[in-house]
Each structure stands twice: as structure tokens, then as C-alpha cells.
Amino acid sequence: MRKNSTCLYALLRILVCDRCVMEGVSTMSNVASLADKRAQQGVSRASEKISVEAAALTANKMKLTAERVRKLEGRAQGRRWVADTETKGLYVAVEASATAAKSYYVRGRIGKGRAAKRVDIRLAAVGDLKLNDARDAAARIMQQLRHGADPRRRSADETLTLAGLIAAYEENLQQRGVVRWKDTIGTLNRWLDKLKVRDAKTLEQLDYLNAITHAERTVGIPSADALRRAITGMLNYAAGPVKHLPYSVMAGYRKPKGTRAEKVARSKGKQPNLRDAVEFRAFWAATESAHTDMYRDFLRVLLLTGQRSIELAKLEWCDLDLEKGIWHARAETRKNGEPMDVPLGPLSLSILKAQTVGGVTDLVFPNKVGGVLDSQTSGARLKPIKAAMETSCGRGDVALHTLRRAYRTRLSEMEVPTDMAELMVGHKRSDLEERYDHDDRFGRRVEIQNAYEAWVKETVSAEG
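Everything in the sequence shown is counted per the numbering used here, starting at 1110 for the first residue and increasing by one.
Below, the structure written as C-alpha cells:
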């Protein structure tokens, strides 16, 4: 009996040990499986984190960080606004991808309610201002806005910085309906950026002249001249009835007479011309390289009408009388602020009639989002046309204003009288208003336009 009990006990021990071994193996297998599962989850979470971060960079609202601001990219056209979820009213403005310049802005309303006026206040370029400082500035400005105060204006004992003066001048230009106010303000912001934190009253003529000299050495004389005109206009406004400044430090300043070298440089800096039939034909063919058929047609209508690019960019369907062949250019779209009837010949009419009517905009030649084509991003859109021109005739320097210049030059070659040619391109001449009756004047312009378009059609159809 005792011997049997001993054997049974030994058998039980063997069974128990075998089970323990099996459970141990199973446990080790479970541990390994769990480790693999957690590793896979780690990879998945890392991938998910990367995907979330990539998605965040394409959103228009996010918690901004210095790294995210650095990685923000612009759109193909137009400005991109990215709001900071941490500070109400703080935005990063990213310019079109051609430049991708970034600036901190505060966007809000002066006062309360939807009827309150919206304002966009630029703080500084991203590289010139830390994110935390931008948040602090945005919080202060938003508090002022909520109380109905415009931070760009000042009381008698407050300092008006140059940034504030530029913002006030921008508002003035918009109120006056200046067509190309964006170009003027963009020029001031670009070349005076380092002076914008200064008290506008402490800036001297030399400060502005140094900026003009820098623009000339960096880009060229035409850009320097544009900056000088923009500064003079701003300071004349500031010293006027608004009395932001007691006087203009540029008053009485006259640019020194140009040397021979400067005149040569100026002539090189001018927009080029299409000098003959060969270059007209080359340009027409080069427009086939445009990124869209719509932009190809936009360029061709510019060449056919000789009008300013911004005026054509703002053309709406309601401005066109396609039956009579007239473009009624509205006063608010024109540089001189006066309406004008532009005659359209058979070739320009055929192009206009081919455009898509309707959609989300009334514009004939809208950008991708239905807005006005921006002249400041024209360089990127013209790249394929310039490349094609360079290949075909060695003229890769074509620009939008080239087409207006080419139109006016061709009218002279057609022996169109100077005064009538000036009317064709929309130059205001009071003496012409007195000399010609409107009907006679327009009838003659129709004849000239038809003759010009017939020449263009024959030229571009001929084999090179």
C-alpha cells in the first residue's frame, strides 16, 4: 500500500511539472506576442502622429509652434491665412508659393458685432518677431479692438510707428479707390521693413534715401523709383489734413540728374517691347505654354486691346457688350478713375466669347479661387511663356506691360495720329476731349482697332 502511494505521488509530480513547463512556454509566447503587438502599435502611433502633423500643416487653423510656422507653405496663387488656436486674432499670412514670404498679422473687428469694421494689422515678418512676442502683441491689440479702439491710430501723447503710418496710408488708398494700392503698400512694406518699429516722427530724409539706395542696388533703378514715389505719396498724406506728421521730410527733394551709366541702366530696366512681326508671332505661339487656356486667352486679349493688366483682370461679364463689340471699363477698375469704352475687334471678341460664363464669379478671367488675378504673382505664371520666347527668338524678358507697349508701338507704325493712339491706350488728354466729338472719336477708334487686329491675325497665322 505504501509503495503504491509513493508511485502515485511521483506520477502526480511529473504531471504537475509537465503542465508548468507547458504554461511557461505559453506564457513566454504570450509575452513575445504582446511585445510584437505593442511594437506594431508604436509604429502605428508614430505613423499616425506624422500623418496628423502633416494634416495640421495644411489646415488653416492650428496651434502654432516655431517649427510649424517654419514649415508652412503657400498656395499656388493668393495669400494663405493660418490662424493660431492659442491666441485669438493671431494669424500667419503666407504669400503665394512663388515667394512664400510669411508675416504675423492680427485680424479682428473694431468694436462688437458683424457690422463692426474688419481690420488686418501686420505685426512683422516671421523672421523678425518671435512667436511668443507675436502672441503678446496680438493679445494687446485684440483687447484694444474689443473696446472699439483702432490700434493704428494714436492720441496726442501716443507714438505713431512707421508700421502704423503705412497701415493708415493703406486705408486711405483703399478709401480713395486707388486701383493699384496693393503694389504701393507692398513696396513700402518690403523696403522699409527694418524701419517700421521706429517712431515715424524721428525718421529723417536720410533714412528713406538709404532704403531707396538699397532697393536700387538690390533690384534696380525702376524699383528704386517706385519706392521713392510711394514714400513721397505716404509722407504727403501724413503731413496733410490728417496731421500724422508736422511736415514731409521728402518735401523739396529732387533726385540728382542721372549719369550716363544710370541712363543706360534705366533703359535696360524698362519693360521690353515686341519689336516686329517675328516677335509678335513668337509671343502668340508662346502663350500655348500657359498653365491654363484661360491665362493664355488673358495674355492674348491684353496684346489685342493694349489695356492695363489690372483693368483686364477686373473685367466682368456685365462690362461687355459682345453684340456691339464694346468693353465698358468701369471707373473703379481704371488707373485714372474715369470710365472708358474699349472697342473690340473680331479676334478679341472670338476669344472673349469662348470663355466660361457663370460659376462662382462674375469675372471673365478669374484666378483658381474665383478672385482677381494678382499682378504680383504674374512672374510665376509667365515663366513658361518666357522660356518659350527665349527658345524661339531669344526674348525671355517679356512682361505684362510689354504687351501694352507693343500695342502702342504698333499703332505708331500704322501711322495712327499720336492723339488718337493715346486715346486707344486710355491715356487721359483733356485737349482731345475738346477736339473730337465722342461719336466721331469712338468710330475712328473702332476702325483702328479692327485694322490692328487684322494685322495681328495675319501675322500670327503666317509661317515663321
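Every residue gets a Cβ at the ideal spot worked out from N, C-alpha and C, and that includes glycine.
Residues near residue i by beta carbon distance below 6 Å, same chain, minus five either side
i       : result
Asn1445 : Lys1537
Ser1501 : Ala1391
Ala1395 : Ile1494, Ala1497 and Met1498
Leu1254 : Gly1217 and Ile1219
Val1534 : Gly1415 and Arg1517
Thr1568 : Ala1386, Phe1389 and Arg1390
Tyr1317 : Ile1340
Asn1559 : Gly1454
Cβ-based neighbour list, residue i, same chain, cut-off 7 Å, excluding 5 preceding and 5 following
i       : result
Ala1246 : Leu1232
Met1131 : Low per-residue confidence applies at Met1131: pLDDT is 46, beneath 50, and the placement is therefore not dependable, though the value from the model is reported in the following sentence. Excluding residues within five positions, none has a Cβ falling inside 7 Å.
Glu1425 : Asp1471, Leu1472 and Val1473
Ser1521 : Ala1530
Ala1248 : Thr1196
Through-space distance from residue j to residue i, alpha-carbon basis
i       : j       : result
Arg1405 : Ser1398 : 8 Å
Thr1442 : Glu1420 : 6 Å
Lys1170 : Leu1456 : 47 Å
Arg1244 : Ile1275 : 22 Å
Arg1504 : Leu1383 : 9 Å
Arg1223 : Asp1229 : 15 Å
Ala1225 : Arg1550 : 47 Å
Leu1354 : Ala1563 : 55 Å
Pro1350 : Arg1285 : 15 Å
Ala1348 : Gly1361 : 14 Å
Asp1308 : Ala1277 : 14 Å
Which of helix, strand or coil DSSP assigns to residue i
i       : result
Glu1182 : coil
His1437 : strand
Thr1270 : strand
Arg1337 : helix
Tyr1362 : coil
Ser1212 : strand
Gly1342 : helix
Glu1280 : helix
Gly1295 : helix
Arg1189 : strand
Ala1233 : strand
Met1403 : helix
Tyr1200 : strand
Leu1429 : strand
Leu1108 : Residue 1108 lies beyond the stretch modelled for the chain, which goes from 1110 to 1573, so this question has no answer here.
Lys1462 : helix
Leu1424 : coil
Arg1227 : strand
Met1523 : coil
Val1288 : coil
Val1555 : helix
Ala1563 : helix
Closest residue to residue i among the options (Cα-Cα distance)
i       : options                               : result
Ala1335 : Arg1299, Thr1465 and Phe1389          : Arg1299
Lys1433 : Arg1177, Pro1260, Gly1552 and Gly1286 : Gly1552
Gly1415 : Pro1448, Tyr1561, Phe1474 and Gly1505 : Tyr1561
Leu1491 : Phe1407, Leu1532 and Thr1465          : Phe1407
Pro1365 : Thr1296, Arg1184 and Arg1337          : Arg1337
Gly1454 : Lys1566, Arg1439 and Glu1524          : Lys1566
Glu1195 : Asn1241, Phe1389, Arg1189 and Asp1528 : Asn1241
Thr1511 : Val1469, Val1203 and Leu1413          : Leu1413
Ser1418 : Val1481, Glu1388 and Cys1427          : Val1481
Met1403 : Phe1389, Ala1422 and Val1387          : Ala1422
Lys1462 : Glu1388, Ala1225, Val1410 and Ala1205 : Val1410
Lys1221 : Val1201, Asp1259, Val1203 and Val1191 : Asp1259
Ala1185 : Ala1168, Val1351 and Ala1209          : Ala1209
Gly1198 : Trp1190, Gly1183 and Val1215          : Val1215
Thr1293 : Leu1344, Asn1319, Leu1315 and Ala1175 : Leu1344
Pro1526 : Asp1506, Ala1508 and Ile1557          : Ile1557
Thr1268 : Ser1459, Ser1212, Lys1310 and Arg1189 : Lys1310
Leu1509 : Asp1483, Pro1448, Val1466 and Val1178 : Asp1483
Assigned exposure category for residue i - 16 Cβ within 10 Å defines buried
i       : result
Asn1476 : buried
His1256 : exposed
Leu1431 : exposed
Leu1312 : buried
Val1478 : exposed
Met1251 : buried
Val1306 : exposed
Ala1438 : buried
Arg1554 : buried
Met1581 : Residue coverage of the chain in this structure runs from 1110 to 1573, which leaves residue 1581 outside it and unanswerable.
Val1201 : buried
Tyr1356 : exposed
Ala1440 : exposed
Val1125 : Annotation note: pLDDT 46 at Val1125 (below 50); position unreliable, no value reported.
Own chain residues within Cβ distance below 8 Å of residue i, not counting five before or after
i       : result
Asp1302 : Ala1233, Ala1234 and Asp1237
Trp1290 : Glu1279, Leu1282 and Gln1283
Ser1135 : Unreliable placement is indicated for Ser1135, whose pLDDT of 49 sits below 50; the coordinate value is still reported in the next sentence. Closer than 8 Å at Cβ, skipping near neighbours: no residue.
Neighbour flag for residue i against chain B, beta carbons, 8 Å
i       : result
Gly1222 : Judged by its chain identifiers, the structure shown contains no chain B, having just a single protein chain.
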